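Each remark here refers to the structure printed beneath this line.
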Amino acid sequence: MLKKIIRMQFLLVLFQVVLLLGVSGCSKEKALSPTSQMQADLVKPSQTSSETSNTTGSPSYQKPIEVPVLYYHSVLLEEGNKVRMPPDQFEAQMIYLRDKGYESVSLGQLYQALYKGGDLPAKPVVITFDDGYEDNYTIAFPILKKYGFTASVFVVSSYINGEGFMSEPQLKELIANGWEIEGHTVSHPYLTQMDKQTVINELKHSKEQLEKVLGQPVNFFAYPYGDYNVDVAQAVKDTGYLMAFTTERGWVNPNLDEWHLQRVYCFTDMGLNEFSRRLQDPNY
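In this text, residue positions in the sequence shown follow our numbering: the first is 919, and each later residue adds one.
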């Protein structure tokens, strides 16, 4: 009888030891190898406590569903020119974005969110300019900075330092303030009207020149005039760009591939009602 009691006590102790080992050791996640950890860090967006929760306790960051990518050209008053947005109208739009709680995100953040599993703010917006007009620096930049926004400029590389367009120092100052400078060809041609090698030269030489001037990678592209076809899109991809933007109407979403992303056109005298409508309807 005594032996039976001792045996039962021994089995009970053994069972407790097994449970203890299971909780403290086996339930831990397997550690990543250094290589795996590096890969995970590349695609994992950095987060702080302010990014994962707000003052109300609800998440302020989310997986992207649809994101408006606004596009402008020039911010300057010129009667009869629809692509030159008067500064007062542009500022009114930025005030609207601020008051409605929008946060500007970069093209890099958008790419990570759409295709690499990253997160975005609850109300993201991307602000872009085409061509590289000087007023993007002299007029748009101070307005955006005033309301806490940054933007991305698709620059025609041969226009740099030209009359009415941004200089190299201006481009570098924008980058220092969180802006992105991206590709828009060497000479702003209709790419579908060119032979394959000329298209490649336009894309490659522009990318190389911008990277030399800026000292950093140029990863994103906008089709001049929104002009593209299957071959042009493939050439953009082969050149090493990660995303390309059209002038087609709508918001971007994860169902679109990287080379056919839509944008929201902003033009002179569109009014705040129309601006608001385009920010509320992904298929405006």
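All residues carry an ideal CB built from backbone N, CA and C; glycine is no exception. It should be emphasised that the depicted structure is a prediction, and the values quoted were computed from it without experimental measurement.
Exposed unless 16 or more other CB atoms sit within 10 angstroms - verdict on residue i
| i | result |
| --- | --- |
| I1099 | buried |
| P986 | buried |
| D1049 | buried |
| K1125 | buried |
| G943 | Interpretation of G943 is limited by its pLDDT of 35, a score under 50 that renders its predicted location unreliable; the figure taken from the coordinates is listed afterwards. G943 comes out exposed. |
| L994 | buried |
| Q1198 | exposed |
| T1157 | buried |
| T1212 | Within the shown structure, residues of the chain are numbered from 919 to 1202, placing residue 1212 beyond reach of any answer. |
| G1036 | buried |
| N1054 | buried |
| S1022 | buried |
| E996 | exposed |
| P1039 | buried |
| L1190 | exposed |
| Q1007 | buried |
| H1115 | Note that residue 1115 is Gln in the sequence shown here, rather than His. Exposed, since its Cβ has fewer than 16 Cβ neighbours within 10 Å. |
| Q1088 | buried |
Chain-order list of residues whose beta-carbon lies under 7 Å from that of residue i (same chain, five-residue window excluded)
| i | result |
| --- | --- |
| S968 | In this predicted model, S968 has a pLDDT of only 32, less than 50, meaning its place in the structure is not dependable; the value taken from the coordinates is given anyway. Cβ neighbours of S968 beyond the five flanking positions: none. |
| N1147 | T1110 |
| S964 | Annotation note: pLDDT 35 at S964 (below 50); position unreliable, no value reported. |
Residue span of the alpha helix (DSSP H) that contains residue i, given as start and end
| i | result |
| --- | --- |
| M1012 | P1005 to D1017 |
| Y1029 | L1025 to Y1033 |
| Q1152 | V1148 to T1157 |
| I1061 | F1059 to K1064 |
For residue i, three-class secondary structure by DSSP
| i | result |
| --- | --- |
| P1039 | strand |
| T1165 | strand |
| E1120 | helix |
| G1082 | coil |
| F1072 | strand |
| G1096 | coil |
| G998 | coil |
| Y1055 | helix |
| Q955 | In this predicted model, Q955 has a pLDDT of only 33, less than 50, meaning its place in the structure is not dependable; the value taken from the coordinates is given anyway. Looking at Q955 - three-state DSSP - the assignment turns out to be helix. |
| G1101 | strand |
| Q1134 | coil |
| E1129 | helix |
| E1021 | strand |
Cβ-based neighbour list, residue i, same chain, cut-off 8 Å, excluding 5 preceding and 5 following
| i | result |
| --- | --- |
| Y1246 | Lying before the first or after the last residue shown, residue 1246 is absent from the chain, which here runs from 919 to 1202. |
| Y1108 | P1142, Y1143 and D1145 |
| S1024 | V1044, T1068, S1070, G1096 and E1098 |
| Q1180 | V987, F1163, T1164, E1166, R1167, G1168, W1169, V1170 and L1174 |
| E984 | W1169, V1170, N1171 and P1200 |
Element boundaries [beta strand (DSSP E), containing residue i]
| i | result |
| --- | --- |
| Y989 | V987 to Y990 |
| F1193 | Careful: F1193 lies outside any beta strand (DSSP E), inside the alpha helix (DSSP H) at G1189 to R1196. |
| L1174 | Per DSSP, L1174 belongs to no beta strand (DSSP E) and is neither H nor E. |
| F1067 | Run containing F1067: none; DSSP gives neither H nor E here. |
| F1185 | Per DSSP, F1185 belongs to no beta strand (DSSP E) and is neither H nor E. |
Contact set for residue i: own chain, Cβ-Cβ below 6 Å, skip 5 residues either direction
| i | result |
| --- | --- |
| G1101 | S1124, K1125, V1136 and F1139 |
| S1085 | N1079 |
| Y1020 | K1041 and V1043 |
| A1058 | V993 |
| S1075 | V1104, S1124, Q1127 and L1128 |
| E1009 | I1061 |
| V1131 | E1086 |
| R1002 | S992, L994 and E996 |
Min CB distance residue i to chain D below 7 Å
| i | result |
| --- | --- |
| V985 | In the displayed structure, chain D is absent; only one protein chain is listed. |
Do the stretch 1056-1069 and the stretch 1010-1019 make contact, defined as three or more Cβ pairs closer than 8 Å? yes
Using 8 Å as the threshold, is the stretch 1078-1095 in touch with the stretch 1110-1120, meaning 3 or more CB pairs across them? no
Three or more C-beta pairs below 8 Å linking the stretch 1027-1034 and the stretch 1072-1080: No: fewer than three Cβ pairs fall under 8 Å.
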